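S.K.: Here the sequence shown is numbered in full-length UniProt numbering, starting from 1 and rising by one per residue.
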Amino acid sequence: MAEDLTAQVLSVLNNADGTVLTSEAFPDKDFVTVKSAVDKLRSREFLEAKQVDRIELVPTEEGSTYVQHGSPEARVYSVVKERGKVVIKELGALIGDANVAKFGQGNAFKNKWIKKDGDSLVPVADSIQDVTGNQLKEISEAKTLPDSKAVADLKKRKLITERKVVTFEIKKGPNFSMEFVKEQTDLTAEMLADGSWKTAKLKPYNFKAKGAPTPSGALHPLNKVRQEFRDIFFEMGFEEMPTNRYVETGFWNFDALFVPQQHPARDMQDTFFISDPPKADPPREDPPFNKLADLTLSDSPSHKRSNSQVKQSDEYKQYWENTRAVHESGKFGSIGYRYPWSEDESLKLVLRTHTTAISTYMLHKLAKNPRPARYFSIDRVFRNETVDATHLAEFHQVEGVVADWGLTLGGLIGFMEVFFGKMGITDLRFKPAYNPYTEPSMEIFSYHKGLKKWVEIGNSGMFRPEMLEPMGLPKDMRIYGWGLSLERPTMIKYGVSNIRELLGHKVDLNFIETNPAVRLDKD
Numbered sequence: 001m002a003e004d005l006t007a008q009v010l011s012v013l014n015n016a017d018g019t020v021l022t023s024e025a026f027p028d029k030d031f032v033t034v035k036s037a038v039d040k041l042r043s044r045e046f047l048e049a050k051q052v053d054r055i056e057l058v059p060t061e062e063g064s065t066y067v068q069h070g071s072p073e074a075r076v077y078s079v080v081k082e083r084g085k086v087v088i089k090e091l092g093a094l095i096g097d098a099n100v101a102k103f104g105q106g107n108a109f110k111n112k113w114i115k116k117d118g119d120s121l122v123p124v125a126d127s128i129q130d131v132t133g134n135q136l137k138e139i140s141e142a143k144t145l146p147d148s149k150a151v152a153d154l155k156k157r158k159l160i161t162e163r164k165v166v167t168f169e170i171k172k173g174p175n176f177s178m179e180f181v182k183e184q185t186d187l188t189a190e191m192l193a194d195g196s197w198k199t200a201k202l203k204p205y206n207f208k209a210k211g212a213p214t215p216s217g218a219l220h221p222l223n224k225v226r227q228e229f230r231d232i233f234f235e236m237g238f239e240e241m242p243t244n245r246y247v248e249t250g251f252w253n254f255d256a257l258f259v260p261q262q263h264p265a266r267d268m269q270d271t272f273f274i275s276d277p278p279k280a281d282p283p284r285e286d287p288p289f290n291k292l293a294d295l296t297l298s299d300s301p302s303h304k305r306s307n308s309q310v311k312q313s314d315e316y317k318q319y320w321e322n323t324r325a326v327h328e329s330g331k332f333g334s335i336g337y338r339y340p341w342s343e344d345e346s347l348k349l350v351l352r353t354h355t356t357a358i359s360t361y362m363l364h365k366l367a368k369n370p371r372p373a374r375y376f377s378i379d380r381v382f383r384n385e386t387v388d389a390t391h392l393a394e395f396h397q398v399e400g401v402v403a404d405w406g407l408t409l410g411g412l413i414g415f416m417e418v419f420f421g422k423m424g425i426t427d428l429r430f431k432p433a434y435n436p437y438t439e440p441s442m443e444i445f446s447y448h449k450g451l452k453k454w455v456e457i458g459n460s461g462m463f464r465p466e467m468l469e470p471m472g473l474p475k476d477m478r479i480y481g482w483g484l485s486l487e488r489p490t491m492i493k494y495g496v497s498n499i500r501e502l503l504g505h506k507v508d509l510n511f512i513e514t515n516p517a518v519r520l521d522k523d
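1. Quick one: Cα of Ala189 to Cα of Leu509, how far?
2. Can you list, in chain order, the residues of its chain whose CB lies under 7 Å from that of Val100, leaving out five sequence neighbours each side?
3. Report yes if the C-beta distance between Leu136 and Pro59 is below 8 Å; otherwise report no.
4. So, with DSSP's three-state summary, where would you put Thr323?
5. Given a cut-off of 8 Å on the beta-carbon distance, is the pair Met491 and Leu502 in contact?
6. Which ranges would you report for the beta strand (DSSP E) in the region 76–127 if only whole runs of at least 3 residues count?
7. Output the distance between the C-alpha atoms of Asn515 and Lys224, rounded to the nearest integer angstrom.
8. Identify which residue in Tyr337, Val326, Asp186 and Pro432 has its Cα closest to the Cα of Glu469.
9. Does the count of Cβ pairs from the region 42–57 and the region 158–173 closer than 8 Å reach three?
10. Which class does Val165 belong to by DSSP, given the choice of helix, strand or coil?
11. Tell whether a beta-carbon distance below 8 Å holds between Thr355 and Ala256.
12. Which residues does DSSP pair with Glu239 in a beta bridge?
13. Distance, Cα to Cα, Glu248 vs Ala212?
14. Closest to Phe238 by C-alpha separation, out of Ile378, Lys201, Lys35 and Asp147, would be which residue?
15. Locate the beta strand (DSSP E) running through Gln51, then write down its first and last residues.
16. Determine the DSSP secondary structure at Trp197, reduced to helix, strand or coil.
17. Return the CA-CA distance between Gly411 and Ser342, expressed in angstroms with no decimal places.
18. So, Glu183 versus Lys203, is the Cβ gap smaller than 8 Å?
19. I need the DSSP call for Glu439, collapsed to helix, strand or coil.
20. Among Val455, Asp404 and Trp405, which has the Cα closest to the Cα of Ile425?
21. Buried or exposed for Leu219, please, with buried defined as at least 16 other CB atoms from any protein chain shown within 10 angstroms of its CB.
22. I need the straight-line Cα distance from Arg83 to Leu94, nearest angstrom please.
23. Under 6 Å Cβ to Cβ from Leu10, same chain only, skipping five residues before and after it: list those, please.
24. In or out: Gly96 buried (at least 16 other Cβ within 10 Å) or exposed?
25. Write down the C-beta distance between Phe258 and Pro436 rounded to the nearest angstrom, noting that I regard them as a contact closer than 8 Å.
26. Where does Ala256 fall in DSSP's three states?
27. Below 8 Å CB to CB, which residues in the same chain sit around residue 532 once its five sequence neighbours on both sides are set aside?
28. Do Ser346 and Gly336 have their C-beta atoms within less than 8 Å of each other?
29. DSSP state of Val9, grouped into three classes?
30. Ala150 by DSSP, collapsed to three states: which one?
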């Protein structure tokens with residue numbers, strides 16, 4: 001606990017009103033202790049104080065030796081002058097410091113105070129002025145030096161340094177008194193019981209003081225923006241899809257989306273493959289498919305199936321065969337890709353590269369009872385990317401799907417304008433693009449006023465018949481699909497230029513705690 005100097009400060013002020021309170025008044029006390037006493041008395045108006053800061057020059061440890069013994073060159077000259085002639089090898093022993101002898105010779109030669117005579121040193125000057133030593137003595141006494149060039153030279157040689165000195169100009173305040181009564185900070189039960197509260201001096205409340213920070217949890221900016229997206233989707237009548245499966249088979253992640261097995265996205269450079277187990281089991285005669293309709297199979301013994309289980313198994317077997325056919329030889333009016341489709345490739349387990357795998361599963365469920373539907377999802381996906389300021393190996397994808405009859409490309413463009421308009425994003429442009437599972441496909445651009453250029457904000461399209469008809473969806477049903485990342489709008493809204501400062505181990509927790517909620521409004 002810091003020492004209380006209030007009585008001593010009052011005594012100094014009582015003896016000399018209007019004095020300057022410096023460290024000399026309390027030579028054994030540190031600045032924090034003195035300042036604490038001054039602040040306490042100032043807050044009670046016992047005194048008025050003005051803080052005065054100044055910079056002093058003080059010799060360093062090496063400079064202090066120059067003050068005491070003189071500069072190295074002066075000490076070398078002094079020894080040589082006194083003896084008349086000194087063998088160079090003996091100089092260090094005579095001075096008592098080999099380093100002083102070594103460095104002092106150089107400056108003494110430079111100043112032409114001494115010269116060499118064979119292996120010895122002899123004096124040249126009759127007398128000298130130890131300029132460096134005298135300057136350091138002046139600084140030691142006056143704490144300053146008028147010659148700025150000399151100050152710069154001494155700083156360069158690391159012989160002096162600057163020190164900030166804080167003093168207080170104090171004078172008596174309206175409540176000045178030599179007696180400082182300690183104020184009570186709390187009204188206790190004992191004070192109420194014995195009546196001492198009536199005469200007690202209570203410390204006044206400081207309503208300008210900052211409150212103690214309250215430790216609490218904080219929402220990540222990504223979660224704040226994610227909730228804004230969810231509110232927009234719910235407002236537009238969407239249903240949220242279950243996205244709790246980070247691991248997918250190649251079937252749901254690629255094949256069901258009519259992505260050919262030779263597509264570059266399936267290479268090791270773009271996809272994270274699971275090594276244990278490396279792949280799922282294929283459909284069997286008696287596959288106990290789980291309720292999520294994954295193409296995996298447990299190793300449990302065979303058991304009797306209900307009629308609904310038999311029907312489900314048959315449905316998935318048919319979907320599997322339809323997908324194989326539409327890839328390998330063509331079906332439903334499509335000529336397909338005409339390549340030998342590999343079952344092993346389809347059953348490889350991967351970290352999902354997009355949430356469209358979930359959209360495919362939901363559309364397959366919709367095929368059992370076709371109806372207009374709107375689905376959305378916001379969750380994490382994984383890509384084998386090189387990490388830099390704009391790319392991570394994992395990020396969040398915002399995806400929407402609309403299924404109905406009579407949908408057209410013009411309707412998709414209009415829908416995008418409404419959807420992005422709710423986020424305050426206007427001035428949209430659409431550019432034709434290629435996606436294996438949508439045709440036609442469009443990249444979505446918006447004009448960024450800050451960057452003064454058009455930037456891509458999403459991708460969209462109408463799902464291909466080769467993807468929809470193998471599921472059993474009606475031929476005349478049309479489905480919109482679009483997606484964008486969650487990180488890009490979050491970075492724009494919060495002014496983050498490096499994605500690694502938003503997500504990952506480099507995130508500043510203070511940034512998470514202090515950022516307010518954000519609204520995706522028109523501003």
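We put the beta carbon where it would ideally sit given N, CA and C, even for glycine.
All of these numbers come straight from a predicted model, not from anything done at the bench.
M.R.: Reading from the atomic positions:
1. One-based indexing of the sequence shown puts residue 189 at position 189. One-based indexing of the sequence shown puts residue 509 at position 509. Taking the straight line from one Cα to the other gives about 42 Å.
2. Numbered from 1 along the sequence shown, position 100 holds the residue referred to as residue 100. Closer than 7 Å at Cβ, skipping near neighbours: Pro72 and Arg75.
3. The residue you call residue 136 lines up with position 136 of the sequence shown. The residue you call residue 59 lines up with position 59 of the sequence shown. Their beta carbons are under 8 Å apart, which means Leu136 touches Pro59 by this criterion.
4. Here residue 323 corresponds to residue number 323 of the sequence shown, with the count starting at 1. In the structure shown, Thr323 falls within a helical segment according to DSSP collapsed to helix, strand and coil.
5. To locate residue 491, count along the sequence shown from 1; it is residue 491. To locate residue 502, count along the sequence shown from 1; it is residue 502. Contact: yes.
6. 114–117 and 120–123
7. The count along the sequence shown starts at 1 and reaches residue 515 at position 515. The count along the sequence shown starts at 1 and reaches residue 224 at position 224. Their Cα atoms are separated by approximately 10 Å.
8. Position 469 of the sequence shown holds residue 469. Ranking Tyr337, Val326, Asp186 and Pro432 by Cα distance to Glu469 puts Val326 first.
9. The region 42–57 vs the region 158–173: in contact.
10. In the sequence shown, the residue the question calls residue 165 occupies position 165. Val165: strand per DSSP, three-state reduction.
11. Numbered from 1 along the sequence shown, position 355 holds the residue referred to as residue 355. Numbered from 1 along the sequence shown, position 256 holds the residue referred to as residue 256. No. Outside cutoff.
12. Position 239 of the sequence shown, counted from the first residue, corresponds to residue 239. According to DSSP, which records beta bridges pairwise, Glu239 is partnered with Tyr375.
13. As a working note, residue 248 is residue 248 in the sequence shown. As a working note, residue 212 is residue 212 in the sequence shown. Their backbone Cα atoms lie some 48 Å apart in a straight line.
14. On the sequence shown, residue 238 is found 238 positions in, with the first residue counted as 1. Among Ile378, Lys201, Lys35 and Asp147, the Cα nearest to that of Phe238 belongs to Ile378.
15. Indexing the sequence shown from 1 puts residue 51 at position 51. Its beta strand (DSSP E) spans residues Leu47 to Pro59.
16. Your numbering for residue 197 matches position 197 in the sequence shown. Three-state DSSP puts Trp197 in a helix.
17. Position 411 of the sequence shown, counting from 1, holds the residue named residue 411. Position 342 of the sequence shown, counting from 1, holds the residue named residue 342. C-alpha separation (whole angstroms): 37 Å.
18. Your numbering for residue 183 matches position 183 in the sequence shown. Your numbering for residue 203 matches position 203 in the sequence shown. Yes, these two residues count as a Cβ contact at 8 Å.
19. The residue labelled residue 439 in the question sits at position 439 within the sequence shown. Note: Glu439 maps to strand in three-state DSSP.
20. Position 425 of the sequence shown, counted from the start, is the residue given in the question as residue 425. Of the candidates Val455, Asp404 and Trp405, the one whose C-alpha sits nearest the C-alpha of Ile425 is Val455.
21. Taking the sequence shown and counting its residues from 1, the one referred to as residue 219 is at position 219. By the 10 Å Cβ count, Leu219 comes out exposed.
22. As a working mapping, residue 83 is identified with position 83 in the sequence shown. As a working mapping, residue 94 is identified with position 94 in the sequence shown. Roughly 10 Å separates the two Cα atoms.
23. Sequence index remark: in the sequence shown, residue 10 carries index 10 (1-based). Excluding positions up to five away in sequence, the list reads Met178.
24. Working through the sequence shown from its first residue, we reach residue 96 at position 96. Flag for Gly96 reads exposed.
25. Looking up residue 258 in the sequence shown gives position 258. Looking up residue 436 in the sequence shown gives position 436. Rounded, the Cβ-Cβ distance is 6 Å, consistent with contact.
26. The residue labelled residue 256 in the question sits at position 256 within the sequence shown. When secondary structure is reduced to three states using DSSP, Ala256 falls in the helix class.
27. Outside the displayed span of the chain (1 to 523) sits residue 532, for which this structure offers no information.
28. Taking the sequence shown and counting its residues from 1, the one referred to as residue 346 is at position 346. Taking the sequence shown and counting its residues from 1, the one referred to as residue 336 is at position 336. Cβ atoms of Ser346 and Gly336: not closer than 8 Å.
29. Your numbering for residue 9 matches position 9 in the sequence shown. Three-state result, Val9: helix.
30. On the sequence shown, position 150 is the one that residue 150 refers to. In this structure, Ala150 counts as helix in the three-state DSSP scheme.
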